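Participant: My questions will all concern the structure given below.
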Amino acid sequence: MIYPPIGDLLSTVDCRYTLVVETAKRARQLVSGDPKLTEEEFIKPVSTAIQEIYEGKITCSRREGLK
2 MIYPPIGDLL STVDCRYTLV VETAKRARQL VSGDPKLTEE EFIKPVSTAI QEIYEGKITC
62 SRREGLK
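Okay, so the sequence shown: first residue is 2 according to the numbering used here, each after it adds one.
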């Protein structure tokens, strides 16, 4: 079972593309040494990034005028 469910994650962003880009960006930040914003302990930085987005500690938004 995947946690958090993809439907719950998509409710925090405007589209799947934004979710993927922001997750990858945050995972790269974690790999480069940025501190975790969640109390959960995950081995992989992508899992940590997804949890941070799900908990609302990372916000995802697109710039106006871009599609």
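Note that beta-carbon positions come from the ideal geometry of N, C-alpha and C, so glycine has one too. This structure is a prediction, so every number in the text was calculated from the model and none was measured.
Spatial neighbours of Arg27 within its chain, please: CB distance less than 6 angstroms, with the 5 preceding and 5 following residues excluded, ordered by chain position.
Facilitator: Along the sequence shown, one-based indexing puts residue 27 at 26. Closer than 6 angstroms at the Cβ level, and outside the excluded window around Arg27, lie Ala50 and Ile59.
Participant: For the pair the region 34 to 49 and the region 2 to 17, tell me if three or more CB-CB distances fall below 8 angstroms.
Facilitator: Segments in contact, no.
Participant: Do you know offhand how far Gln52's Cα is from Ile44's?
Facilitator: Working through the sequence shown from its first residue, we reach residue 52 at position 51. Working through the sequence shown from its first residue, we reach residue 44 at position 43. About 12 angstroms.
Participant: Taking Cβ to Cβ, would you say Arg64 is nearer than 8 angstroms to Thr19?
Facilitator: Sequence index remark: in the sequence shown, residue 64 carries index 63 (1-based). Sequence index remark: in the sequence shown, residue 19 carries index 18 (1-based). It is not a contact, given that the beta carbons lie outside the stated cut-off.
Participant: For Val21, which three-state DSSP category applies?
Facilitator: As a first step, residue 21 is located in the sequence shown; it is residue number 20 there, counting from the start. Looking at Val21 - three-state DSSP - the assignment turns out to be helix.
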